[in-house]
Structures are given as C-alpha cells and as structure tokens.
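Data block below; observations after.
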Amino acid sequence: MIVGKQKPLPEIREMIADYGNILILGCGTCATVCFAGGEREVDILASSLGIAAKLEGKERVTTKHTVKRQCEWEFLDEIEEKVKQADAVLSLGCGVGVQAIAERFPEIPVLPGLDTLFMGMPVEEGVWVERCVGCGNCILNQTGGICPIARCPKGLINGPCGGYRDGKCEVDPTRDCAWVLIYERLKKMGRLDMLHTSQPLKDYSKMGHPRSITR
Amino acid sequence: MPSVSTMQGEAQPPCQVTCPIHQDVRGYIVAVARGEFSEASKLIMETNPLPSVCGMICAHPCETKCRRGQVDEPLSIMALKRFVVEHADHGSPKLQGESEQGQKVAIIGSGPSGLTAAHDLAKMGHKVTVFEHENAPGGALRSGIPKYRLPREVLQRDLEAIIALGVEIKTNTELGKDLTIGGLKNQGYRAILISTGLPLSRGLRVPGIELDGVLLALPFLREVNLDRQKIQVGKRVIVIGGGNVAIDVARSALRLGAGRVHMVCLEAREEMPSFPWEIEAALEEGVQIYCSKGPKSILGKDGQVTGLECMRCTAVFDAEGRFNPSFDKGEVSVIDGDMVIIAIGQASDLSFLKDSAIKLNEGGQLLLDADTLATSEEGIFASGEVATGPGSAVEAMANGRKAALSIARYLTGRPLAVAPPAEIELGELSPQIIDKIKRLPKQQMPALAVPERVQNFVQVELGYDRASAVREARRCLSCGLGTEYIEEECSTCLTCVRICPYGVPIITASGSVDIRVDQCQACGICVNECPAKAVILKQYQDEEVIERITTAIANASRSGVRPLTVVFWCSFSAYATGDFAEFVRTKCPSNIGILTIPCVTKIGIIHLLKAFELGADKVFVVGCPEEYCPYKESTSWARRKVDRAKKILDDVGLGAERLEMFNLPNVDIEQEEVLFKITQPAKQTQPDPLNG
Chain A
266 MIVGKQKPLP EIREMIADYG NILILGCGTC ATVCFAGGER EVDILASSLG
316 IAAKLEGKER VTTKHTVKRQ CEWEFLDEIE EKVKQADAVL SLGCGVGVQA
366 IAERFPEIPV LPGLDTLFMG MPVEEGVWVE RCVGCGNCIL NQTGGICPIA
416 RCPKGLINGP CGGYRDGKCE VDPTRDCAWV LIYERLKKMG RLDMLHTSQP
466 LKDYSKMGHP RSITR
Chain B
14 MPSVSTMQGE AQPPCQVTCP IHQDVRGYIV AVARGEFSEA SKLIMETNPL
64 PSVCGMICAH PCETKCRRGQ VDEPLSIMAL KRFVVEHADH GSPKLQGESE
114 QGQKVAIIGS GPSGLTAAHD LAKMGHKVTV FEHENAPGGA LRSGIPKYRL
164 PREVLQRDLE AIIALGVEIK TNTELGKDLT IGGLKNQGYR AILISTGLPL
214 SRGLRVPGIE LDGVLLALPF LREVNLDRQK IQVGKRVIVI GGGNVAIDVA
264 RSALRLGAGR VHMVCLEARE EMPSFPWEIE AALEEGVQIY CSKGPKSILG
314 KDGQVTGLEC MRCTAVFDAE GRFNPSFDKG EVSVIDGDMV IIAIGQASDL
364 SFLKDSAIKL NEGGQLLLDA DTLATSEEGI FASGEVATGP GSAVEAMANG
414 RKAALSIARY LTGRPLAVAP PAEIELGELS PQIIDKIKRL PKQQMPALAV
464 PERVQNFVQV ELGYDRASAV REARRCLSCG LGTEYIEEEC STCLTCVRIC
514 PYGVPIITAS GSVDIRVDQC QACGICVNEC PAKAVILKQY QDEEVIERIT
564 TAIANASRSG VRPLTVVFWC SFSAYATGDF AEFVRTKCPS NIGILTIPCV
614 TKIGIIHLLK AFELGADKVF VVGCPEEYCP YKESTSWARR KVDRAKKILD
664 DVGLGAERLE MFNLPNVDIE QEEVLFKITQ PAKQTQPDPL NG
C-alpha cells in the first residue's frame, strides 16, 4: 500500500488561507489504512480548521466527504456537486489522488493535505515501513526476499558496505543493515551460495518517469 | 440519552432469554452502571408488574446464565433490581382509564400469576377484579413467604401500583364458598382466570402422623405469615422436606424460638430442590440438615411427638428418572424432637369445581390447552401453579402473562393461539476471550448478623447502596451491546484486529473482518481508532455525544461565569463516589458542564475538539483508577486521544493546556476533591477566544 502522512496543521492552514469554502476529501483506501486521510481524519481536520478559522476571525465553510479511492475517476463522480460549491479541494489522498482530482476537475484548485511517502506495510500497530521503491526490475528472488534498493539507504545491490556495525546501518544505527538481513535469511534458507555471484549493474532506466503500462 | 433497551431482531443476552418474563436485564443493569437509576426503573417496570417482590425473592435464573459467571461470578441481578426499586424515582403510576373495548375479567387468586394477568389486562384497558380468599392480597407471596425474605411493605408497594392501574381486589372472597364460576358469568365477567395456586400441603402416611405436634407446612406458614396467632413452636423442631418451603419453615421456626431445628430430606445435599442460597442461609443460622433420610415413623409419648425415626434413602429417583425413593430399611436413625412439620410438597385445591363442567385430566388436574391456557370451558383460563405445578414466582408471573394474552385475544374475538416470537440467544464466551477479561469481585450484599437474624422476622439482606450498586452493575459485560460493524465502510486496515485487548475481531475466510458481536466487551477502543468509522457503539454514538456536549455547554454558559468548563467524567467512578446526580445539582459550580461517559475509552478526539468548537474554555477528562476500570488499557488509549487533541489545540493556537486528563487516585475520593482538581487549574484559564 501507499503510505502517507498528514501535513502539519500550520502548513495546511497556510495552504488554505486564501479559500473560504473548502471541500475536505478523504480517501477510503491507502490513506485510510495509514491513518492519514480516512473519514475519521477528515472529521478531525475539519474540526481543527473550524477552530483555527474562528480564532483567525475568518468565515470558512468546510464540507466533508470521503470517497472509496481518489485515484479512480469513477469514484470521483459522486463529489461533482460538492466540488462545484467549493473554492478548493483539500485532498487527504496520496499524490496520485490529488492529481486524479485535478484532472477530473480542472477548474478547481486541489491542495495536498498529505505528504505521500512510500510503498510499505505496517510492522506493528501504528508503525509503517518502506518495503518497495517500484524500481521496475525486481531482484527479490536473489536477495532472500529482502529488497536492498528500498531497505539499504545506499541502495547497494552487492552489499553490505563497510559501514555496518553489529548488524546495524551506519546511516541510521537504529535500523538493521538490509544486507545483514539478506545474509541471515539466505543462511536460514541454506542458500548462502547465492551471495557468491555478484549482481550485474542494475538497469535504472526502468525507473525512469513517467512510467505506464497497458493491459 | 436513549434507552439501551432490547434491540429487535438481534441475538439477546442469556439473562433476558432465560428470564421467564424476558426482562431487559442488560438494559437496566447498564443504566445502573451509568447512574441512570430512573431509566433503569423504567426498563424494569416495562415488563415487570412485581418489581419490588422480584428484587427480593426472585429465583433469578438470569444469574445462573449470566456470562460474567464464565469469568468469575455472575452479577447480582436480583439485588440490583432491588436497588433500583428502592432508590430510583419511578414517577407516579399511570392511572388507566377504561378503554372502549374494555371487558370485565375475573381473576381468582392474587398470587404472582393472578396479579401479573391483572396488571397486563388492566394496562390493555380491561376492567379487572381479583378475588382473594385471604384477608389481604398476594397469595403465596403473603401467606407462604416469610417476612425476613419479603417484608410486607415491599409487597404492598407492588400491589398499590397494580391497584393504581384500576385493578379491583376483593379479599375474603373464596371461590366455591363466596362465589362460583357460574355466578361470576352471571355478573357479566366475560373471562375468568383461575390462578389459585397450590394451597394444600401434602401429608405423609407414616405411623405417628396423628400425634400432637405434627403440622403441615403451609398451614404453619400461613399462621406465621398472616399474623393470625402467635404460634408456639417446640424446642426441637424437625422439618421434613428439602425444598424451599421446608427451608422457609425451618428458618421461621428458628425465629419463633425453636432452640434447635433439624431438616430431614430424601435428597443428597446436591440434589436438594431448594435454592442453594436458601440452604446456605439456613445453615448459617444453625439449621441442621440431614440428607438422604426418609421418615419411617413419628415417635411419640403420651400422644405428643418425641422424635422422628428415619431410614436411609438410597435413591430418590428410579431408573426412569421418576420420583420413586428406595430405602435401606436396615439403616435406621432417630432424631429427637417435640414438633414435626411436614413440607414435602403442595397440591391444588379444585374442590370449587365439583359442580362445574370444567374438565380435569387423568391426574386430577385442570385440563388445559398448553399453548393458550384455556380450560375446557369457553372463557375460562387457568395460570400459575394450579396450571403448571410447583414453580417459582417469576414462572407463575410469566404464566399469568401468557394467560392475559390469551384472554385479551379471546375478548376481542381473535384466535387464541399465537406462536411466541423466536428468540436467538447470544452464544457463550470463547475461552480465549474469558482469559482476557478483567476479574472484578462481586459486591457483597450486606446482611444482618446471624444472632440478630434469628431473633425476629426482620429482613436479612440489607440491600446495596449507590456505590456498591454501581460497582456491581459495571461488572456487566453488556453482552451483545458492544460494537456494530459496518462492513461496507471498512477499509480492512485490520486496526481493530490488532488493538482489541480481548482479541474479538477476527479475519474471516473471505478476507473481511468480523467483530464478533457475541464476544465484544463494549469497551469502545476500536470505535475511536477505526480510521474509516466502520465501527460504532450501539449505546454511545457520536451524534448523541455531541448533542450532550452541546447541552452541557448551553447549560454551563447560562451562568455567565467563566471559565466555561466541560468535564468528561467516567460514569463508573462518578456514581461509585456517592450520589453524583445530587452533587452535580447542588455542589457543582454552574459554569461546569459534566458529561458522564461509560469509560474514557469511549471519548474520541472529535468529541474533545467539538467541546472547544462549541465554546468551552477548558476541558477535563476524568477516568477511573486504572485497576478499578472494568476494561483493559482504557487509560492509555484515552491518553493517546487527549495527547493528539492537545497537539491540535497547540497547532491551531488555542493552547494544549486547555485540555487535561487525570485518573481518580481511588474510588473513595470525595467528589469535592475531584472538583478542586477541576476548578483550580480552570481558574487560571483565559476565556476561550472562540467564545467571545
């Protein structure tokens, strides 16, 4: 899933400063799951902005809505009327959602309420970690199911580097060295032999933007 | 606050399903736990015409089935009912005007069954007259149950409420002597209900039965309970029988001055038909119980009882499970005594039927349609123990209600038989859930000390006070009254699965989530964490909370005094600290608006922000002491909400210090002390700029 984080309230307040009538739009999929922009966050943000507006002595109308997924135009049809009434849409979806709204409703400003961060997963309640960068050229079969591109800050495909200490990364000593994890996993699998072969240079052209696929 | 009464179409908690009159037990217990005693009273009165009586002598099968019993001990449901009856403001009974369809109905017998039928029919608008052969109404409740279990003013309270519905009770009127079935019909009674109970005691055929000092249980109890005359009991009384009547006789004999009371019964201790709590009370008071013994003969000298010769009972029931005791006649023992009271069973008295066409069955009992309780004669019905045989008061009440429904249908020309609505009972708690539920000790019922008890007929159990009632009620697991899961809203984020302290939500085979309604503990943690708002609480929803915040702020702002303070106060601790309603009314400054909530877990960030949005200068969250809370992890989850809300208050420029949360250090803390913790910091609070 895509993981994002709600922007700090002061930043959001600055972003919406020029608009009097705002549609706060939640996303019912990834943004909900990572607690950044589901229906509950829409409520909380609306209430927070309501208090802020009163304090600033501003008249501001906020409308709330949450769609199933902001990144599908069909799911955006239901907000057409609400969008027409608003001066701006404050999207609590990921960057994909924001752009989908912008394309679907070209006449209205769309403001990103989230910072979209990574593709990842929750490892415990309330903790999400990055697991994939979408490199377009997956080598997980050769690295014990652990991605060195996403999980090694240097993205080394032939690691580890010389900087790891006691299994920890030199960039962030609180984090496990991805290559140590790869080593341990391959050892458990009885496939340390896989480390005898160097990985060829990675074809990063497959990460070139923008990418698309056609079914 | 809306009633938490039965939700139609859902699985019902076992307490309610088991209750013969289907009281909304969960509803009124939850109301007590919240301190809403009047609401509890309303729920009790809705289905119970004898609430005071049931609060003291009910057989309470609900407690046997209470799911808290799977965790530690069942709730003291009967005692909580008594508390509500004694402490709640019930309002005045509604006087019933005669309805146009109202018809004359005669009810013979004013025991629990007859009274229930009278109550129900009167509420439907019928004109009911109850005929009672004793000089005061109540039937077995008055003549059979000793006053130390059911004080007469308690019975009177329920009787007055029934009379207030327009029911007429004629005492000293005996069927067969003062009136006849035919005569009643001639007087215009369109329907007649026979609920005459089982007024006769069964005797024994043993040598010595004719001796002086041999009595039957029911006449004995009648004399004692109706204050007819001062009964002289022997110094050593022997009671034959092991049922509830035998215990009543034994405990009454002690109070009348018997130095020693022995009970002799056929059954082994665990087979005794009496309620276990009655046996315990009798033993506490010094009654000696001899089990597995049957009477062989009553011994006497000069025509006066001197003892009871017993033989060992080897089995009470035969291989087919029928009552057919067998004895070892070689094992004989003698119990000395100067009085023998026989309490081995009761029988109906149908002598009033001798000139009637009402048919009897092969066993000599009334021939009845089991579904409608109609006799063979049109318009004549029977209910209670005369119809069903021996049973509890609440079973007789249920039977009276069934008869009332049949009679009502008869009077309006509808078919008598109606299939009862199908009920679904909530399943048992799973062992994994039971392991995780907090153990909470049962509140002990204060009772008179044994030496005080046996001197008189004063009521033994003293009843809960407010604090102990609330503490007892909050032990209720609110079975089936927890969360409602809205699948179409769910984003399958699995938060509920991960955070539920009890492991209630599970992932189904199809990959969706199931928050198992029969296992949910109603703590509310998942409700305020669910990012998709796909989980709601059946008894505490956002709209209701926001409405209550609005009201609290409106009331507090009327004072014109600042700071305008809103307090979210856990109702479990609030009411456990005394008369909270009185405190709020008389001692709490008018600028403080208090909302009681059934645990701080149920507070959402949005509730806290709303209070400020609506103009609060200061908001407090007051929780129970952690170890006292019926739920797990309540403080830490509430703290997370408060911390996030504080951060938001800072971010918007209102200031985090306007929101505070604390837990009471103990449940015995004075409310004034809590008030001090609220008023002192609030004094330093600047008015909320939002509020002008």
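As they're listed, the protein sequences go chains A and B.
So for the first sequence, this note's numbering puts the first residue at 266; every next one is plus one.
So for the second sequence, this note's numbering puts the first residue at 14; every next one is plus one.
Cβ atoms here follow ideal geometry from the backbone N, Cα and C, with glycine treated the same way.
Exercise for review: Would you kindly check if the distance between the Cβ of VAL237 (chain B) and the Cβ of VAL180 (chain B) is under 8 Å?
Suggested key: Position 167 of the second sequence, counted from the start, is the residue given in the question as residue 180 (chain B). Position 224 of the second sequence, counted from the start, is the residue given in the question as residue 237 (chain B). VAL180 (chain B) places its beta carbon 8 Å or farther from that of VAL237 (chain B).
Practice item. Over the uninterrupted alpha helix (DSSP H) stretch that includes ARG305 (chain A), give me the two end residues. Key: Within the first sequence, the letter at position 40 stands for residue 305 (chain A). DSSP places ARG305 (chain A) inside the alpha helix (DSSP H), whose first and last residues are 304-321.
Review point. Hey, would you say the C-beta of MET137 (chain B) is under 7 Å away from at least one heavy atom of the ligand GDP?
Key: What this structure holds is no ligand at all, so the ligand GDP is not there to describe.
Review point. What does PHE340 (chain A) touch in chain B if you count any residue whose Cβ is under 9 Å from its own?
Key: Locating residue 340 (chain A) in the first sequence gives position 75, counting from the first residue. Going along chain B, no residue has its Cβ under 9 Å from PHE340 (chain A), so there is no contact; the nearest lies around 13 Å.
Review point. Pairing CB atoms from the region 490-497 of chain B with CB atoms from the region 528-537 of chain B, are three or more of them under 8 Å?
Key: By the Cβ criterion, the region 490-497 of chain B is in contact with the region 528-537 of chain B, since at least three pairs of Cβ atoms, one from each stretch, lie closer than 8 Å.
**Study point:** Classification of LYS160 (chain B) by the beta-carbon crowding that lies within 10 angstroms, buried from 16 upward
**Key:** What you label residue 160 (chain B) is simply residue 147 of the second sequence in a count that begins at 1. Buried: at least 16 other Cβ atoms inside 10 Å.
Point to revise | Contact set between the region 315-326 of chain A and chain B, restricted to residues whose Cβ is under 7 Å from the partner | key: Listed by position, the residues of the region 315-326 of chain A near chain B (Cβ gap below 7 Å) are GLY315, ILE316, ALA317, LYS319, LEU320.
Exercise for review: Check each residue of the region 650-667 of chain B: if its Cβ is closer than 7 Å to any Cβ of chain A, include it; give the result in chain order.
Suggested key: Within the region 650-667 of chain B, the residues whose Cβ lies closer than 7 Å to some Cβ of chain A are ILE661, ASP664, VAL665, GLY666, LEU667, listed in chain order.
Check your understanding: Would you report the Cα separation of GLU542 (chain B) and PHE625 (chain B), rounded to the nearest angstrom?
Key -> For the purposes of this step, residue 542 (chain B) is identified with residue 529 of the second sequence, where counting begins at 1. For the purposes of this step, residue 625 (chain B) is identified with residue 612 of the second sequence, where counting begins at 1. C-alpha separation (whole angstroms): 21 Å.
Review point. Between B:ALA462, B:ALA400, B:ARG511, B:ILE691, which lies nearest to LEU380 (chain B) when the distance is taken from Cα to Cα?
Key: Translated into positions along the second sequence, residue 380 (chain B) becomes position 367. Nearest C-alpha to LEU380 (chain B): B:ALA400.
Check your understanding: In terms of alpha-carbon separation, which member of B:ARG652, B:VAL632, B:CYS601, B:PRO428 lies closest to GLU683 (chain B)?
Key -> Working through the second sequence from its first residue, we reach residue 683 (chain B) at position 670. GLU683 (chain B) has its Cα closest to that of B:CYS601, out of B:ARG652, B:VAL632, B:CYS601, B:PRO428.
Practice item. Pick out whichever of A:CYS359, A:ILE287, A:ASP283, A:HIS474 has its Cα sitting closest to the Cα of CYS400 (chain A). Key: For the purposes of this step, residue 400 (chain A) is identified with residue 135 of the first sequence, where counting begins at 1. Minimum Cα-Cα distance from CYS400 (chain A) among the listed residues A:CYS359, A:ILE287, A:ASP283, A:HIS474 corresponds to A:HIS474.
Check your understanding: Nearest CA to the CA of ILE253 (chain B): which residue from B:SER346, B:ILE357, B:GLU485, B:ALA435?
Key -> As a position in the second sequence, residue 253 (chain B) is number 240, starting the count at 1. Shortest Cα-Cα distance from ILE253 (chain B) to any of B:SER346, B:ILE357, B:GLU485, B:ALA435 involves B:ILE357.
Practice item. Alpha carbon to alpha carbon, how far is GLY385 (chain A) from ILE267 (chain A)? Give it in angstroms, no decimals. Key: As a working note, residue 267 (chain A) is residue 2 in the first sequence. As a working note, residue 385 (chain A) is residue 120 in the first sequence. Each residue's CA atom was taken as its position, placing ILE267 (chain A) and GLY385 (chain A) some 6 Å apart.
Exercise for review: Flag this pair as yes or no: are the beta carbons of GLY145 (chain B) and LYS198 (chain B) separated by less than 8 Å?
Suggested key: Here residue 145 (chain B) refers to the residue found at position 132 when the second sequence is read from its first residue. Here residue 198 (chain B) refers to the residue found at position 185 when the second sequence is read from its first residue. In the sequence under discussion, the amino acid at residue 145 (chain B) is Glu, which differs from the Gly named in the question. No, the Cβ-Cβ distance between GLU145 (chain B) and LYS198 (chain B) is not below 8 Å.
Check your understanding: Of all Cβ atoms in chain A, is any one closer than 8 Å to the Cβ of GLU673 (chain B)?
Key -> Here residue 673 (chain B) refers to the residue found at position 660 of the second sequence. Proximity of GLU673 (chain B) to chain A, defined by a Cβ-Cβ separation below 8 Å, is not satisfied.
Exercise for review: Taking C-beta pairs closer than 9 Å, name the residues in chain B that VAL298 (chain A) reaches, listed in chain order.
Suggested key: Stepping through the first sequence from its first residue, residue 298 (chain A) is reached at position 33. For VAL298 (chain A), the neighbours in chain B by C-beta distance under 9 Å run, in chain order, SER504, THR505, CYS506, LEU507, THR508, PRO544, ALA545.
Practice item. Give the straight-line distance between the Cα atoms of ALA153 (chain B) and GLY68 (chain B), rounded to the nearest whole angstrom. Key: The count along the second sequence starts at 1 and reaches residue 153 (chain B) at position 140. The count along the second sequence starts at 1 and reaches residue 68 (chain B) at position 55. The C-alpha of GLY68 (chain B) is placed about 16 Å away from the C-alpha of ALA153 (chain B).
Check your understanding: Helix, strand or coil for GLN29 (chain B) per DSSP?
Key -> Translated into the one-based positions of the second sequence, residue 29 (chain B) becomes position 16. Three-state result, GLN29 (chain B): helix.
**Study point:** Buried or exposed by the 16-neighbour rule on C-beta atoms within 10 Å, applied to TYR469 (chain A)
**Key:** Here residue 469 (chain A) corresponds to residue number 204 of the first sequence, with the count starting at 1. With fewer than 16 other Cβ atoms within 10 Å, it is exposed.
Review point. Which first and last residues belong to the alpha helix (DSSP H) in which PRO475 (chain A) is found?
Key: Walking along the first sequence from the start, residue 475 (chain A) turns up at place 210. That residue, PRO475 (chain A), is in no alpha helix (DSSP H); it is neither H nor E in DSSP.
Practice item. Could you list the residues in the region 379-398 of chain B with a C-beta less than 8 Å from some C-beta on chain A, going in chain order? Key: Hits within the stretch: zero.
Exercise for review: Mind listing, in chain order, the continuous beta strand (DSSP E) runs of no fewer than 3 residues lying wholly within the region 387-448 of chain A?
Suggested key: Here the runs fully enclosed are 392-397.
Point to revise | Where the alpha helix (DSSP H) through CYS8 (chain B) begins and ends | key: No information on residue 8 (chain B) is available, as it lies outside the stretch 14 to 705 that chain B covers here.
Check your understanding: Along chain A, in chain order, which residues have C-beta atoms closer than 7 Å to that of ILE618 (chain B)?
Key -> Numbered from its first residue, the second sequence carries residue 618 (chain B) at position 605. The contacting residues are ILE309.
Exercise for review: With 7 Å as the C-beta to C-beta threshold (strictly closer), list the residues of the region 620-640 of chain B near chain A in chain order.
Suggested key: In summary, the residues of the region 620-640 of chain B whose CB is separated from some CB of chain A by less than 7 Å are LEU622, LYS623, PHE625, GLU626, in the order they occur in the chain.
Point to revise | Range of the contiguous alpha helix (DSSP H) that encloses THR462 (chain A) | key: Counting from one through the first sequence, the residue named residue 462 (chain A) turns up at place 197. That residue, THR462 (chain A), is in no alpha helix (DSSP H); it is neither H nor E in DSSP.
Practice item. Determine the chain B residues that contact GLU390 (chain A) at a beta-carbon separation under 8 Å, and present them in chain order. Key: Along the first sequence, read from residue 1 onward, the residue named residue 390 (chain A) stands at position 125. For GLU390 (chain A), the neighbours in chain B by C-beta distance under 8 Å run, in chain order, THR508, ARG511, ILE512.
Point to revise | With 16 other Cβ atoms within 10 Å as the buried cut-off, status of ARG561 (chain B) | key: Position 548 of the second sequence, counted from the start, is the residue given in the question as residue 561 (chain B). Classification of ARG561 (chain B): buried, given that the 10 Å Cβ count is 16 or more.
Exercise for review: With a floor of 4 residues, list each alpha helix (DSSP H) that falls wholly inside the region 581-634 of chain B, ordered by position along the chain.
Suggested key: Whole alpha helix (DSSP H) segments, 4+ residues: 584-589, 593-599, 618-626.
Review point. Nearest-angstrom Cα distance between VAL445 (chain A) and ASN423 (chain A)?
Key: As a first step, residue 445 (chain A) is located in the first sequence; it is residue number 180 there, counting from the start. As a first step, residue 423 (chain A) is located in the first sequence; it is residue number 158 there, counting from the start. One C-alpha to the other measures close to 12 Å.
Exercise for review: Report all residues from its chain with a CB closer than 6 Å to the CB of PRO11 (chain B); omit the five preceding and five following residues, and keep chain order.
Suggested key: With chain B covering only 14 through 705, there is no way to say anything about residue 11 (chain B).
Check your understanding: Are there three or more Cβ pairs, one per stretch, closer than 8 Å when the region 49-68 of chain B is compared with the region 441-450 of chain B?
Key -> Taking a contact to require three or more Cβ pairs closer than 8 Å, the region 49-68 of chain B and the region 441-450 of chain B do not qualify as touching.
Point to revise | Identity of the residues DSSP links to CYS292 (chain A) by a beta bridge | key: Sequence index remark: in the first sequence, residue 292 (chain A) carries index 27 (1-based). Looking at the DSSP assignment, CYS292 (chain A) forms a beta bridge with A:VAL332.
Review point. Would you call the region 272-281 of chain A and the region 306-322 of chain A in contact, with 3 or more CB pairs under 8 Å?
Key: Taking 8 Å as the limit for Cβ pairs, the verdict is that the region 306-322 of chain A does touch the region 272-281 of chain A.
Check your understanding: Quick one: what's ASN710 (chain B) bridged to in DSSP?
Key -> Given that chain B is displayed from residue 14 to residue 705, the structure contains no residue 710 (chain B) and the question cannot be resolved.
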